[in-house]
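Taken in order, these protein sequences are the chains called A and B.
Numbering-wise, the first sequence is residues 1237 to 1367 according to this note's numbering.
Numbering-wise, the second sequence is residues 7 to 271 according to this note's numbering.
A virtual CB, placed ideally from N, CA and C, is assigned to each residue, including glycine.
Because the structure is a prediction, the values reported are computed rather than measured.
Worksheet: the structure to be examined is printed underneath.
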Amino acid sequence: MRMTFRGVSIAAMGVLLMSVPLAAHHGAAALDTGKEVTLKGTVTEWIWSNPHCFLQFDAKDNTGTMRNWAVETQNPTAMTQRGWSRTSFKAGDAVTVTLEPVKNGQPIGRILSVILANGEKLIAANATTPP
Amino acid sequence: MRHHVVVFTLAATAVFASMLASAQMKPWNNAGLEGASAGPSGPAPRRDLSGTWDAGTGGIQPTGHVAAPFTALGQQMASANKPGNGSRIVSVTDDNDPLSTMGDPTGFPRIIMYELRPFQIVQTPNQVLILYMFEKRWRVIWTDGRPLPSNPDPRWYGYSVGRWADDSTLVVQSVGTDDRTWLDNAGNPHSNSLRVEERYHRVNQGTMELTVTLDDPLVYTKSWMALDKLAIRLMPNGTDLMEMIPSASEAAAYRRVIASQAKTK
């Protein structure tokens, strides 16, 4: 059997995807699934709690209006396995947040990733841990 | 061809290395296993399930279970449950999951059907104790031969007795559950008459399998298997687990800040 680089890559991706959780405690019915928004802002609060952690930050939307966003992640157990912690953020931190917003236009959503002021990137999705 | 072999070898090495790395537990506050089994694969010890175990993503069942058909009462009960997952999913704003929106106890059997996070088993001469990371709850499974209660007051975690079917299989029967709890994240209901059988089969030193069968004729037209040989892996000796407690105040904060503003209509 001839194994190609592409074949190896597809197989490896398959192994990884098998362990990706499909949904969380609350499902994704309110989210505009597939839409991504990236915002630069300032952390106002980081809540490390069950069933979901959530980050609140001030950022301007595309009209220039400042809004306070509240965006969730999975629970602390799952986020710990992804390298996040209770001290990942503090009020005043500059962050660049890529998120999946809700459909209704409110400043709410689910975090996909966050880039910290020092350039470190925290990934919220595509981990191998339970929701 | 040589290039392909090199690529494959590198990929395999990376996967193996990540498995080894993930098997290293910190002295405190571990969330669970991430890679391959950390435990040895020798023969199963006789009538012994003690240790700390992790079913990984298999213990969460993110979209809920496909249950047996409902009875009329079951359909009525299911209609009142507004879940965040599964075939009857609603918007997060309308979710009425008693666990994640109100901080009610997970209860049994949901603790094994949706929230089977890492857990520790302790055996005494007349009990098997299961200590769950989720909620930091425990169950007592009596192995002293006592019968199950015939007309029990409902309890969040029911009443359980166990017996060894053979030297590597513990069979647990439970009754007396509380119908305020759901079976899973998909809002599947149950009555207080639910009977649950759990079969813990230790395959070898590092692995056991859990099979769960539910019988609730008030709600389902036939008994059904909720878990079929779910693989559960032994964690290293001395693993200290995180707390994973869904408190009422945290559930309320989530609803106030996130859920209440996410309505789709």
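Nearest to B/Glu-203 by C-alpha distance, out of B/Ile-118, B/Tyr-138 and B/Arg-261, is B/Ile-118.
For the set B/Ser-93, B/Gly-80, B/Asp-100 and B/Arg-53, the Cα lying nearest the Cα of B/Gln-267 is the one of B/Asp-100. Counting only residues of its own chain and dropping the five nearest sequence neighbours on each side, B/Val-218 has a CB closer than 6 Å to the CB of Glu-204, Ala-232 and Leu-233. Within a 10 Å sphere around the beta-carbon of A/Asp-1297 sit fewer than 16 other beta-carbons, which makes this residue exposed. Residue-level contact check: A/Asn-1286 touches chain B, since one or more beta carbons of chain B fall below 8 Å from its beta carbon. Setting aside the 5 residues that flank it on each side, B/Trp-34 is surrounded in the same chain by Asp-246, each with a C-beta closer than 7 Å to its C-beta; the list follows chain order.
For B/Ala-259, the nearest CB of chain A lies under 8 Å from its own CB, placing it at the interface with that chain.
Listed along the chain, the chain A residues whose CB falls inside 7 Å of the CB of B/Gln-267 are Gln-1342 and Ile-1344.
Taking the Cα positions, B/Ser-166 is about 25 Å away from B/Gln-211. Cα atoms of A/Ile-1351 and B/Thr-130: separation of roughly 50 Å, rounded to the nearest angstrom.
Secondary structure at B/Ser-166: strand, using DSSP grouped into helix, strand and coil.
Relative to the Cα of B/Asp-159, the nearest Cα in the group B/Phe-140, B/Trp-148, B/Gly-182 and B/Gly-57 belongs to B/Gly-182. For A/Thr-1334, the enclosing beta strand (DSSP E) starts and ends at 1330 to 1337. Secondary structure at B/Met-139: coil, using DSSP grouped into helix, strand and coil.
When DSSP assignments are scanned along the stretch 163 to 240 of chain B, the uninterrupted stretches of beta strand (DSSP E) that are 3 or more residues long and fall wholly within it turn out to be 165 to 172, 175 to 181, 201 to 210, 213 to 221 and 230 to 240. Taking the Cβ atoms as the reference, A/Phe-1293 lies roughly 5 Å from A/Trp-1305, within the contact range of under 8 Å. In this structure B/Trp-188 is buried. Its beta-carbon is surrounded by 16 or more other beta-carbon atoms within 10 angstroms.
With distances taken between CA atoms, B/Phe-76 lies nearest to B/Ala-84 out of B/Thr-69, B/Ala-84 and B/Gly-70. Within chain B, the residues placing a beta-carbon under 8 Å from that of A/Ala-1306 are Val-263, Ile-264 and Gln-267, ordered along the chain.
Among the residues facing chain A, B/Ser-174 is not included, as its CB has no counterpart in that chain under 8 Å away. A direct Cα-Cα distance of roughly 10 Å separates B/Ile-136 from B/Lys-142. The continuous stretches of beta strand (DSSP E) do not include B/Ala-265, and DSSP gives it neither H nor E. When secondary structure is reduced to three states using DSSP, B/Gln-126 falls in the strand class.
Beyond the five residues adjoining it in sequence on each side, B/Ala-37 comes within less than 6 Å, by CB distance, of Met-248 in the same chain, given in chain order. With the rule of 3 Cβ pairs closer than 8 Å, the stretch 1269 to 1285 of chain A counts as touching the stretch 1305 to 1320 of chain A. The CB of B/Ile-251 comes closer than 8 Å to the CB of Asn-1286 in chain A, given here in chain order. A/Lys-1276 is bridged by DSSP to A/Thr-1332. Straight through space, the alpha carbons of B/Arg-94 and B/Glu-121 are spaced by roughly 19 Å.
Annotated as proximal: B/Leu-224 and B/Ser-199, with beta-carbon spacing under 8 Å. Linking B/Trp-170 to B/Ser-56 through their CA atoms gives a straight-line distance of about 14 Å.
The three-state reading of DSSP puts B/Ala-258 in helix, counting H, G and I together. In this structure, A/Leu-1275 keeps its C-beta atom at 8 Å or more from the C-beta atom of A/Val-1338. A/Glu-1272 sits exposed, since fewer than 16 C-beta atoms from the chains shown fall within 10 Å of its C-beta.
Nearest to B/Arg-152 by C-alpha distance, out of B/Gln-179, B/Val-128 and B/Gln-126, is B/Gln-179. Residue nearest to B/Tyr-206 within the set B/Val-96, B/Pro-195 and B/Gly-168 is B/Gly-168 (criterion: CA-CA distance). For B/Met-108, the uninterrupted alpha helix (DSSP H) segment begins and ends at 104 to 108.
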